[in-house]
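Undergrad: Below you'll find the structure I mean.
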Amino acid sequence: MDLELRTTPWRRQREEDAEDAEDGPARSRPRLEDATLVEDDVDPLVRDGDYYRADGDCILRVEDTLFKIHRHLLCRGSSAFEGLFALPSDADALLEGKDDALPITLYGDKVSEIRAFLGYAYSSPLDLQYPRIPSGDIYSLIGTAKFAHKYRLESFETWALDAISYVCSKRNSALLRTCAPELYFALLDLDLLCPLASVKKSIRAYWVQRLHTNTPGITLAFALETADRFRFRPLQGDVYYLLLQTLRDTPPGATNLMDAAPLLPSELSDVHKLRLLMGFRSLSLAWGRVYAEPIALLKTDCTAHASVHEDVWAEQWRQAQAACPVPQGGNFVRLLLTFQSSLHRNFALVPNPHNYPCILATLNQQFPALIKSLRNTMADHFLGTEVAEP
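Here it is in structure tokens:
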């Protein structure tokens with residue numbers, strides 16, 4: 001029973017007892033159905049314009065709106081509504097959902113979500129085919145998925161999630177490439193309930209790309225807040241790394257990475273400052289390990305001349321070291337790419353470079369692997385190594 005709309009029996013009984021004590025003998029008690037249904041300080045309920053159907057057999061209340069629908073829509077599979085509708089027949093007179101005065105109240109739901117769900121529930125099978133669903137319906141799909149998940153309407157949930165994946169897919173990628181960042185937030189919020197692995201991957205790629213190109217309306221602050229809120233670790237690493245690059249350039253006269261530690265703006269929280277400094281130090285140390293000495297050559301069929309090749313490789317490495325300055329703005333990926341390019345240019349000047357297949361293999365395979373590893377583990381530098389759950 002809805003305590004906000006109906007005068008509760010125990011409360012009315014207590015008030016009448018108090019009046020009887022003052023006025024004399026007890027008066028006849030009014031029946032429950034004669035009580036006032038709406039108190040003066042509560043807005044009256046309204047019937048939904050689209051989904052209060054004359055032929056419906058179940059009345060629901062969501063927020064301050066009444067919906068009269070067909071209960072069979074809510075009883076598919078093993079939904080949470082099955083038990084509610086399975087009461088003994090002799091209790092029908094008191095069953096919630098029979099009239100506006102005693103609706104089934106759904107707490108914590110939004111009118112927009114149940115409207116979205118009903119819109120699809122009353123649609124024809126043809127209209128539910130994925131190619132017929134416009135990308136502009138994405139928020140309706142999100143609301144439907146949340147409603148269906150909450151009430152264990154599994155077939156609707158599965159359909160809604162598949163539809164979301166479809167409209168966010170590569171074929172329809174313009175949606176995630178051009179949408180407001182609030183849609184990223186809404187999709188990641190849904191992912192907490194219903195995993196959307198492929199959609200999360202696309203969100204990360206497009207969001208970072210738009211941040212990198214300074215797309216209007218796409219800010220680091222909102223991206224950082226969202227990544228932290230949902231603990232989207234790969235996105236956290238990307239955003240912290242981009243934020244690190246926006247900070248102060250290397251000061252004049254800096255001769256090593258630690259002298260180039262960035263100055264942090266005061267508007268950042270202490271947590272963000274700590275993570276940025278930790279990330280800068282961790283990336284500096286990682287670069288220092290790469291920069292310090294040549295990485296091991298890959299083994300090829302030229303092992304008979306290994307010592308000669310090692311000497312050539314060491315010289316190439318020394319020349320690349322001399323060409324690479326202290327990193328500017330904390331862009332360590334760019335620094336690795338610059339170092340790789342320097343090695344390629346120097347190696348091209350070596351007489352008969354094709355005689356050194358082990359060096360070529362190392363340049364073409366090891367450095368791309370280093371850069372890929374750095375991108376994949378970026379979050380570890382700012383957040384620490386993730387500990388696997390037991």
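Read in order, the letters of the sequence shown correspond to residues 1 to 390 in UniProt numbering.
We treat Cβ as the ideally placed atom computed from N, Cα and C, and that holds for glycine.
(1) Taking the C-alpha atoms as reference points, what is the distance between Val38 and Ile114?
(2) Can you give the Cα-Cα distance for Glu386 and Asp380, rounded to whole angstroms?
(3) If you drop the 5 nearest sequence neighbours on each side, which residues of the same chain put their C-beta closer than 8 Å to that of Ala180?
(4) Applying the criterion that 16 or more other CB atoms from any shown protein chain within 10 Å of the CB defines a buried residue, is Gly97 buried or exposed?
(5) Please confirm if Leu211 has its CB atom under 8 Å from at least one CB of chain B.
(6) Going along the chain, which residues of its own chain have a beta-carbon closer than 6 Å to the beta-carbon of Gln340, five neighbours each way excluded?
(7) Measure the Cβ-Cβ separation of Leu60 and Pro103 and say whether it is below 8 Å.
(8) Give me the residue from Trp313, Arg334, Ala163, Ala320 with the minimum Cα distance to Leu242.
(9) Taking the continuous alpha helix (DSSP H) assigned at Leu102, which residues delimit it?
(10) Could you tell me the boundaries of the alpha helix (DSSP H) in which Leu235 lies?
(11) Could you have a look at residue 406 and say whether DSSP puts it in helix, strand or coil?
(12) How would you call Lys146, buried or exposed, if buried means at least 16 neighbouring beta carbons within 10 angstroms?
(13) Smallest Cα separation from Cys358: which of Leu337, Ile371, Ala314?
(14) Within 10 Å of its beta-carbon, does residue 391 have 16 or more other beta-carbons around it, so buried, or fewer, so exposed?
(15) Take the Cβ of Asp238 as the centre, count every other Cβ of all protein chains shown within 10 Å, and call the residue buried at 16 or more, exposed below.
(16) Please report the straight-line C-alpha distance between Arg31 and Leu95, rounded to a whole angstrom.
(17) Report the start-end ranges of each alpha helix (DSSP H) in the region 114-173 that is 4 residues or longer and not cut off at the edges.
(18) When DSSP labels each residue in this structure, what does Val46 get in the three-state scheme?
(19) By the DSSP assignment, the beta strand (DSSP E) with Ile59 in it spans what residues?
(20) Between the C-alpha atoms of Leu247 and Leu263, what's the straight-line distance to the nearest angstrom?
(21) Can you check whether the CB of Leu244 is closer than 8 Å to the CB of residue 473?
TA: Quick look at the numbers:
(1) One-based indexing of the sequence shown puts residue 38 at position 38. One-based indexing of the sequence shown puts residue 114 at position 114. Because Val38 sits at a pLDDT of 45, beneath the cut-off of 50, its placement in the model cannot be relied upon, and the point is left open.
(2) Counting from one through the sequence shown, the residue named residue 386 turns up at place 386. Counting from one through the sequence shown, the residue named residue 380 turns up at place 380. When rounded, the distance between both Cα atoms is 7 Å.
(3) The residue labelled residue 180 in the question sits at position 180 within the sequence shown. For Ala180, where only same-chain residues beyond five positions count, the Cβ hits under 8 Å are Gly217.
(4) Mapped onto the sequence shown, residue 97 falls at position 97. By the 10 Å Cβ count, Gly97 comes out buried.
(5) Annotation note: the requested chain B is absent from the structure, which comprises a single protein chain.
(6) To locate residue 340, count along the sequence shown from 1; it is residue 340. Only Phe367 meet the Cβ criterion.
(7) As a working note, residue 60 is residue 60 in the sequence shown. As a working note, residue 103 is residue 103 in the sequence shown. Cβ atoms of Leu60 and Pro103: closer than 8 Å.
(8) Residue numbering aside, residue 242 sits at position 242 when the sequence shown is read from its first letter. Per the Cα distances, Arg334.
(9) Counted from its first residue, the sequence shown places residue 102 at position 102. Counting along the chain, Leu102 falls outside any alpha helix (DSSP H), and DSSP gives it neither H nor E.
(10) The residue you call residue 235 lines up with position 235 of the sequence shown. Element bounds for Leu235: 233-245.
(11) A question about residue 406 goes unanswered here, because the residues of the chain that appear run from 1 up to 390.
(12) Counting from 1 along the sequence shown, the entry for residue 146 is found at position 146. So Lys146 ends up on the buried side.
(13) Position 358 of the sequence shown, counted from the first residue, corresponds to residue 358. Comparing Cα-Cα distances from Cys358 to each of Leu337, Ile371, Ala314, the minimum goes to Ala314.
(14) Beyond the ends of the chain as shown, which are 1 and 390, falls residue 391; an answer cannot be given.
(15) As a first step, residue 238 must be located in the sequence shown, where it is residue number 238. The residue in question, Asp238, is buried, as its Cβ has 16 or more Cβ neighbours within 10 Å.
(16) For the purposes of this step, residue 31 is taken as the residue at position 31 of the sequence shown. For the purposes of this step, residue 95 is taken as the residue at position 95 of the sequence shown. Because the pLDDT at Arg31 is just 39, under 50, the model does not fix this residue reliably, and the value given afterwards should be weighed accordingly. Roughly 17 Å separates the two Cα atoms.
(17) 138-150, 154-167
(18) Numbered from 1 along the sequence shown, position 46 holds the residue referred to as residue 46. Correct three-state label for Val46: strand.
(19) Translated into the one-based positions of the sequence shown, residue 59 becomes position 59. 58-62 is the extent of the beta strand (DSSP E) around Ile59.
(20) If you number the sequence shown from 1, residue 247 lands on position 247. If you number the sequence shown from 1, residue 263 lands on position 263. Straight-line Cα distance between these residues: approximately 7 Å.
(21) Past the edges of the chain, shown from 1 to 390, lies residue 473, and the structure says nothing about it.
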